[in-house]
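Same order as they appear, the protein sequences are chains R and S.
Count along the first sequence starting at 1, add 1, and that's the number in my numbering.
Count along the second sequence starting at 1, add 1, and that's the number in my numbering.
Each residue gets a CB set at the ideal place from its N, CA and C atoms; glycine is no exception.
This report concerns only the one structure given below.
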Amino acid sequence: MDSIPDFIKIRTPLFKPEWLATLQRMRENVDAPRWNIEIGDRLNQNDIEIIKQFESKLFNERAGFSDYPPDSILKWIDAKRNDVLYFKKALFNIDLKRDFENIRFMSREDLTNRLEEIVPDNADLSRLIVNSTSGTTGHSIKAPSHPITQGCYDPLIQYCLKRNGVDERYDYKKIAAVQLCFQNATIVYNAVHSYLDGAGFAKINLNPKDWRAPDSAKNFIKDLSPIFLSGDPISFMEMMKQGIDYKPKAFLSSALQLSGELRRELETKYNCPVIDLYSLNETGPIAFSLPDDPEYFQILPTDIYVEIVDDAGRRLPEGEYGEITVTGGRNPYFPALRYKTGDTGAIFYNHKFDGKTPLLKLLDSRKPVIFLTNSGNRINSIDISRILRKYPIYRHQVIQNKDKNLIMNLDAKNISLYEDEIIKEMRALFNNDIDITISDNFITKNSKITAYIVE
Amino acid sequence: MDKGPSINYIDLRISELPPVFLNIPEVIDGFTTTSIILSDLLYEIFGKPMERSEINRSFTSIKSDLNYLKIIQIICYILNDKWFRDYFKSNMNKIDALKHFLFTDLAEYSKINKAERFVYDGEGREELSRLLFKSLTLIPEGETEAEAKDRLASIDSIERKRVIELSKQSQKRVKELQEALTRKEAEEAASKMTRE
Numbered sequence: 002m003d004s005i006p007d008f009i010k011i012r013t014p015l016f017k018p019e020w021l022a023t024l025q026r027m028r029e030n031v032d033a034p035r036w037n038i039e040i041g042d043r044l045n046q047n048d049i050e051i052i053k054q055f056e057s058k059l060f061n062e063r064a065g066f067s068d069y070p071p072d073s074i075l076k077w078i079d080a081k082r083n084d085v086l087y088f089k090k091a092l093f094n095i096d097l098k099r100d101f102e103n104i105r106f107m108s109r110e111d112l113t114n115r116l117e118e119i120v121p122d123n124a125d126l127s128r129l130i131v132n133s134t135s136g137t138t139g140h141s142i143k144a145p146s147h148p149i150t151q152g153c154y155d156p157l158i159q160y161c162l163k164r165n166g167v168d169e170r171y172d173y174k175k176i177a178a179v180q181l182c183f184q185n186a187t188i189v190y191n192a193v194h195s196y197l198d199g200a201g202f203a204k205i206n207l208n209p210k211d212w213r214a215p216d217s218a219k220n221f222i223k224d225l226s227p228i229f230l231s232g233d234p235i236s237f238m239e240m241m242k243q244g245i246d247y248k249p250k251a252f253l254s255s256a257l258q259l260s261g262e263l264r265r266e267l268e269t270k271y272n273c274p275v276i277d278l279y280s281l282n283e284t285g286p287i288a289f290s291l292p293d294d295p296e297y298f299q300i301l302p303t304d305i306y307v308e309i310v311d312d313a314g315r316r317l318p319e320g321e322y323g324e325i326t327v328t329g330g331r332n333p334y335f336p337a338l339r340y341k342t343g344d345t346g347a348i349f350y351n352h353k354f355d356g357k358t359p360l361l362k363l364l365d366s367r368k369p370v371i372f373l374t375n376s377g378n379r380i381n382s383i384d385i386s387r388i389l390r391k392y393p394i395y396r397h398q399v400i401q402n403k404d405k406n407l408i409m410n411l412d413a414k415n416i417s418l419y420e421d422e423i424i425k426e427m428r429a430l431f432n433n434d435i436d437i438t439i440s441d442n443f444i445t446k447n448s449k450i451t452a453y454i455v456e
Numbered sequence: 002m003d004k005g006p007s008i009n010y011i012d013l014r015i016s017e018l019p020p021v022f023l024n025i026p027e028v029i030d031g032f033t034t035t036s037i038i039l040s041d042l043l044y045e046i047f048g049k050p051m052e053r054s055e056i057n058r059s060f061t062s063i064k065s066d067l068n069y070l071k072i073i074q075i076i077c078y079i080l081n082d083k084w085f086r087d088y089f090k091s092n093m094n095k096i097d098a099l100k101h102f103l104f105t106d107l108a109e110y111s112k113i114n115k116a117e118r119f120v121y122d123g124e125g126r127e128e129l130s131r132l133l134f135k136s137l138t139l140i141p142e143g144e145t146e147a148e149a150k151d152r153l154a155s156i157d158s159i160e161r162k163r164v165i166e167l168s169k170q171s172q173k174r175v176k177e178l179q180e181a182l183t184r185k186e187a188e189e190a191a192s193k194m195t196r197e
């Protein structure tokens, strides 16, 4: 074990000497990008056992649910009554067997302003991880997470891949995935995942300024030959634009809505399944698109309960569109209790597809928005979120007019303190060739605020 | 759930409560005057007084809790009203719910409320009226079930005490968590293969 450098052991506690070659294959690759951070999986042996149990249930106990939470979810809620202040308050006078629909909703505002009531009293904060969300819905929030929560992504992804016919064994001789981004700036790293027996993973940014030579990204991906490629639709579009022709066994698209047109293009060009994953930082993956009919997303984890509610908070019947609301999950710092996601969809309990868990149909909730500089360069809305989340902004809406100038509606305390700094950073992002106006005149549609609008 | 009279109706009735109902209960022939008032009321509305054994069972543990006894007397006064007498005549099965309210539900409220609050304080009167309605599964006239539930939750003194205690606990936790969030935000995340 002495041959393993400390900076690796700290971040990947279960790292084995034979995995070093996998890391080196990525980090010392002649075409490697400019890595800018060291990240590991932070999992210990006990975590691995817990993730294995989660995986077993994920694959073998897919009982599904209908219009009332199953006993497993009710038990999960009940167990938290005494440990979670938020639950103590919300469940006062509530008989779980009868009154689930009377439980008040948890919102992003609760996560922002009352996180201490949501994190269980006895939670060990030493393993807390903080994920800042991208803020595509207009609120950037700091979502607490745990290495086990992150570790469970591996079996969840494997389930989606298997349902799409990609059934692979993973070990340290393989690169499991390369995640593509296309942003002005983002973290770029390589890692091995203990849960997949040391299989490699690299997160890269296709922005040309991250690479040594024009063909580096293309060569790097080809050399690693990852089993699948993950990313958002914008990064996949950029991949095609850059002529990257590596054919993975699958694409796993997340963060933004994947259009039918881009899906078909990817499927035809790369001849592999394209899976759309509906996932939130706060809750983790919620549903994945079905291979037979990608309009439908099947609820993925078996430890969540999903319901659809209208603006007045009433539960909607099967097939009607409303706000997607989630209860349950595996994040020890964020037990979701009727958490309103801000996304719109409809649920279907009875269907012809495999697996008993219900289906979701999503509506316009995660549409990718691309801004343009005056000279025509594309700017991913995630880059704007990355800037805004540094400031104490409760809600934002960024509108690009036809003349390319920006109106930024910001809901924040003492905005005048930060206004100049925000404008400076935004102007730099847009090559200093646009005008920016800060306002608080939010445009609403059906009582909802869209975070990013390009006219 | 049945419809009851309006909250205003009960409020007006309580505001006319004769002061004698707030007198310190006495013990006569081994019985508290409260048990005699209640027994008379039950005879009046259900046609059956409380039996000696039941009085002993129900009042032994509270006979020296004068505040609790006064609150029971207030309830007796409220119920000795035409609307309730008529209601109980056609709802004889509500006697158990009423006794449960008097000897179980009210116990905790009597520990944190003076009987006088339920008479001289507007919110106190409303709280007592709504607690009584809840125990008899009645909805005040002019309200929906959800509205009645919401309103009671907002004035319920036990709920209020509970929230104050909870928020004291939470203040300690806020500090602890804020420190952890600030420290951890500066650290790296854990690797995962998709993004949100």
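Mapping the DSSP letters down to three states, classify residue i as helix, strand or coil.
| i | result |
| --- | --- |
| Phe298/R | strand |
| Arg396/R | strand |
| Ser155/S | helix |
| Gly314/R | coil |
| Cys77/S | helix |
| Gly320/R | coil |
| Lys242/R | helix |
| Pro209/R | helix |
| Gly152/R | helix |
| Arg339/R | strand |
| Met1/S | Limits of chain S in this structure are 2 at one end and 197 at the other, which puts residue 1/S out of reach. |
| Pro18/R | helix |
| Gln180/R | strand |
Among the candidates the options, whose CA atom is the shortest distance from the CA of residue i?
| i | options | result |
| --- | --- | --- |
| Ile444/R | Asn433/R, Glu456/R, Ile435/R and Ile437/R | Glu456/R |
| Thr269/R | Ser127/R, Ala288/R, Asp246/R and Leu407/R | Asp246/R |
| Phe22/S | Asn81/S, Gln179/S, Lys90/S and Ser62/S | Asn81/S |
| Leu416/R | Thr438/R, Gly323/R and Lys403/R | Residue 416/R is actually Ile in this sequence, not Leu. Of Thr438/R, Gly323/R and Lys403/R, the residue nearest in Cα terms is Thr438/R. |
| Lys403/R | Asp355/R, Ile454/R and Phe354/R | Ile454/R |
| Arg174/S | Gln25/R, Asp224/R and Asp122/R | Asp122/R |
| Val275/R | Asn47/R, Ile394/R, Asn45/R and Ser254/R | Ser254/R |
| Tyr154/R | Phe221/R, Arg390/R, Ala91/R and Leu281/R | Leu281/R |
| Arg99/R | Lys53/R, Asp72/R and Ala288/R | Asp72/R |
| Phe102/S | Glu45/S, Leu133/S and Asp12/S | Leu133/S |
Look at residue i and residue j and say whether their C-beta atoms are less than 7 Å apart.
| i | j | result |
| --- | --- | --- |
| Asp304/R | Ile325/R | no |
| Asp436/R | Asn410/R | no |
| Ile140/S | Met2/S | yes |
| Ile385/R | Val399/R | yes |
| Arg396/R | Met107/R | no |
| Leu18/S | Tyr69/S | no |
| Arg105/R | Ile142/R | no |
| Leu430/R | Asn208/R | no |
Can you check whether the C-beta of residue i is within less than 7 Å of a C-beta belonging to chain R?
| i | result |
| --- | --- |
| Lys185/S | yes |
| Val28/S | no |
| Thr145/S | no |
| Met194/S | yes |
| Ser171/S | yes |
| Leu182/S | yes |
| Glu166/S | no |
| Arg58/S | no |
Is residue i close to chain S? Criterion is C-beta to C-beta, closer than 7 Å.
| i | result |
| --- | --- |
| Glu118/R | yes |
| Leu86/R | yes |
| Met2/R | At Met2/R the pLDDT is 47, less than 50, meaning the model places this residue with poor confidence; the figure from the coordinates comes in the next sentence. Closer than 7 Å: no. |
| Asn381/R | no |
| Gln151/R | yes |
| Arg43/R | yes |
| Leu207/R | no |
| Leu291/R | no |
| Ser386/R | no |
| Ala256/R | yes |
| Asn47/R | no |
| Leu129/R | yes |
| Ser195/R | no |
| Leu59/R | no |
| Phe202/R | yes |
| Ala178/R | yes |
Counting only runs that start and end within the stretch 362-386 of chain R, where is the beta strand (DSSP E) found for 3 or more residues in a row? Entirely contained in the stretch 362-386 of chain R, the beta strand (DSSP E) runs reaching 3 residues are, in chain order, 371-373 and 379-381.
Which complete alpha helix (DSSP H) runs does the stretch 66-126 of chain R hold, if anything under 4 residues is left out? 72-81, 86-91, 97-100, 109-114 and 116-119
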